[in-house]
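Data first, discussion second: the structure below is written as structure tokens.
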Amino acid sequence: MNMIDLLGRMGIASKIFLVVGVQLAASIAIAVIALSTLERYNAVVIEAEIAAERAVLGENTNALIYAVVMDSRGVYMSKDTESATQFAIGIQALVTKIEENMAAWRHLVEPHRRADFEELNAAAVEFVAFRRELARLGMHVDPALSRAMGDNYDNRSNRQAFNVLMAQEALYNAEQVERLTESVKGRYNQAIVLIASVSAGGIALSILLAYVVSGYGIIRPLKRVTDIVAKRLPGAAPQAIEEVARRDEIGAMARAIQAQRALEQEILHQHGVEQSLIQQKMEAEAANQAKSIFLSHMSHELRTPLNAIIGFSEILRAESFGPLGNPRYNEYASYILDSGTHLLGIINDVLELSRMDHRDFKLTTEPVVLSEIIGFCARAFSGGANDGRLQIGGGFDMIVDVDARLLRQVLTNMISNALKYSPSDLPVTIDWEMAPDGAVGLRVTDLGEGIPPEKLRVVMQPFVQLEDSGLNSHGLGLGLSLAQRFMELHGGYIELRSTVGEGTCAIAWLPAERVVRNQAAQ
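FYI, this note's numbering numbers position 473 of the sequence shown as 476, with every residue one higher than the one before it.
Shown next as structure tokens:
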């Protein structure tokens, strides 16, 4: 198996991992070599810096020794202690500095020169002690004694020995600094050459491997596939792709291209279906708009004769122009009036729904006292079978910024549903509650059979009525749907709380910004 066949069996990810692995290995080798070289280079640099610091301390100490000798001569030449004092003070300060230099020097001494340093340090200690004693005699006793002490042969020998040792140390440090400086330069050049060579070799190896892998394993077979795809003519039979037999991603791509060709006709078919659906959608929207316009026009056309029927039936039932002559006529007139009023309510609901479908519905808000709206709705249901069933709570003296007509319609629909779906001998309560955020909820509570939990959301949809309630359920089922839409226009909503067998509480929530003020709180 040659290299090209092996690359053909490897996936693209494996090829990439191979190239990256070689590059990573080369990078690690370069990093290890560089760190090792830099470590050796840094060791030589640190050693050179320590040698330079020792040389500086030696030169500084030699300068201090010379200064001490010069101040000692000043003591010798002084005639009294007063004139010798300034030189003596200088000697004490200088020898103290010599001691500090020797202490700092001790930490910089190489292990193999520890004995030489101890000999030098002993000479320094003797030199410092001698000079301090000389300064003490000149400053407190007699400069003549210090001069005699300075002329002592042993003391001069001590100073000379100290000078010889300092000279030897200075020569060693100078040679060390020169040697290490040259070594630093050599190590630096070696490090640069070594790192550059290894880096160039690693880069060259990575480029070569990347070229082989990408050229023979990816680019060439990929180009053959793309050439076949590019040469395909519309309507011509598809040309076979040899690379489908490969086991890598290029083979998978070739197989995917063949599968794609099989799907092209299906895509064209789906595109035609999509265009057909779009056309049907446009036709449905146009039909819905036409339906809404038709309902709006028909509602207006029907309301005119209905108003006449309702008006004439009211006149007949009231016998405004004289008795009808037979009690049955009064009963029939009442039937006509009730049926006409019921039909007019349905038409009004349909008209409101069609207006909202056109989305040209706008609020006409004004500050109104809530008790006036509650009173209007209560009066609408007074008399007849529902007389005395409404129980109105207190506290409706707040002012709200609403469309009064729509809010009356909301409450009327809620009260109508409560009276319709509860026994005629049970009351319906109207009160209110306030949420923590300041929203006000107008509650209409009945003691009917309640609504099952699975139907709470369904009853808010248009043309949906509760079935199997055993109660009167005439109408189209638009009341709660319209009420919900009206409340949404105000920024609120309708909430239903119901327990089967106990009753239902419908709440129309007005947001806090709709509440202008509460008169009772003023």
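Glycine residues also receive a C-beta, built at the ideal position from the N, C-alpha and C atoms.
Bridge-paired residues (DSSP) for residue i
i	result
Ser501	Thr507
Ile402	Val372 and Arg520
Trp512	Gly444 and Tyr496
Burial state of residue i (16 or more Cβ within 10 Å)
i	result
Arg488	buried
Val23	exposed
Gly398	exposed
Pro326	exposed
His2	Residue 2 lies beyond the range of the chain shown here (4 to 525); nothing can be said about it.
Leu393	buried
Thr307	exposed
Gln278	exposed
Val528	The requested residue 528 does not occur in the structure, where the chain is confined to residues 4 to 525.
Tyr156	The predicted model places Tyr156 with a pLDDT of 44, which falls under 50 and marks its position as unreliable, so this point remains unresolved.
Val167	exposed
Phe324	exposed
Thr64	buried
Phe297	exposed
His272	exposed
Tyr79	buried
Gly141	buried
Val413	buried
Met169	buried
Glu85	exposed
Gln179	buried
Ile68	buried
Gly473	The pLDDT assigned to Gly473 is 41, lower than 50, so where the model puts this residue is not dependable; a value taken from the coordinates is nonetheless given after this. Classification of Gly473: exposed, given that the 10 Å Cβ count is below 16.
Gly61	buried
Asp440	exposed
Glu452	buried
Arg43	exposed
Gly343	buried
Met417	buried
Thr99	exposed
Assigned secondary structure, residue i (DSSP; H/G/I helix, E/B strand, else coil)
i	result
Gly495	coil
Ile433	strand
Val447	strand
Arg460	coil
Phe379	helix
Thr367	coil
Glu322	coil
Ile418	helix
Gly453	coil
Tyr424	coil
Phe384	coil
Leu236	Because the pLDDT of Leu236 is 49, which lies under 50, any placement of that residue in the model is unreliable, and the number read from its coordinates should be weighed accordingly. Leu236: coil per DSSP, three-state reduction.
Ala438	coil
Glu42	helix
Val112	coil
Leu211	helix
Asn329	coil
Range of the contiguous beta strand (DSSP E) that encloses residue i
i	result
Gln394	Leu393 to Ile395
The alpha helix (DSSP H) enclosing residue i, as first and last residue numbers
i	result
Asp119	Arg117 to Arg139
Met105	Thr84 to Arg109
Chain B contact for residue i (CB, 8 Å cutoff)
i	result
Arg116	The structure shown contains no chain B; it holds only a single protein chain.
key: Ordered list of alpha helix (DSSP H) runs contained in the stretch 54 to 81, each at least 4 residues   = none
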